[in-house]
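> Numbering of the sequence shown is given in the UniProt record's numbering, commencing with residue 1 and proceeding in unit increments. Cβ atoms here follow ideal geometry from the backbone N, Cα and C, with glycine treated the same way.
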Amino acid sequence: SSPALQRLRGLLRQLLRICTTDGRVFIGTFAGTDKPLNIILVNAEEYRVGPGQDEDGRFVGQVMLPWKVIVKVEA
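Here it is as structure tokens:
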């Protein structure tokens, strides 16, 4: 397997912070990807960042994030 695939496997079950194009931030456990490279998080919370937004997150459980809307991924 390629080094990129090994790195991706190393992130399994790790806590990730993902920022999206619409300003939302998702924090959850990395569960995997699908063929088009959408990212799947479990036990995830969603935060909306910006003026007038509630600082408390909301639990969304399992979420699939299309790669097209992902701006940044942090482990």
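Do you know whose CA, among MET64, GLY50, TRP67, lies nearest ARG24's CA?
Looking up residue 24 in the sequence shown gives position 24. Taking only the C-alpha atoms, the option nearest ARG24 is GLY50.
> Whole beta strand (DSSP E) runs in the UniProt domain "Sm" (6-75) with 3 or more residues, listed along the chain?
Secondary structure in the UniProt domain "Sm" (6-75): the beta strand (DSSP E) runs of 3 residues or longer, each lying completely within the stretch, are 15-20, 24-33, 39-48, 58-65, 70-74 in chain order.
> Just confirm the distance between the C-beta atoms of LEU41 and THR33, as a whole number of angstroms; I'd bet it's less than 8 Å.
Here residue 41 is taken as the residue at index 41 of the sequence shown, counted from 1. Here residue 33 is taken as the residue at index 33 of the sequence shown, counted from 1. Not really, about 11 Å apart at Cβ, beyond 8 Å.
> In or out: PRO59 buried (at least 16 other Cβ within 10 Å) or exposed?
Taking the first residue of the sequence shown as 1, we reach residue 59 at position 59. Strictly speaking, residue 59 in this sequence is Phe, with Pro absent from that position. Flag for PHE59 reads exposed.
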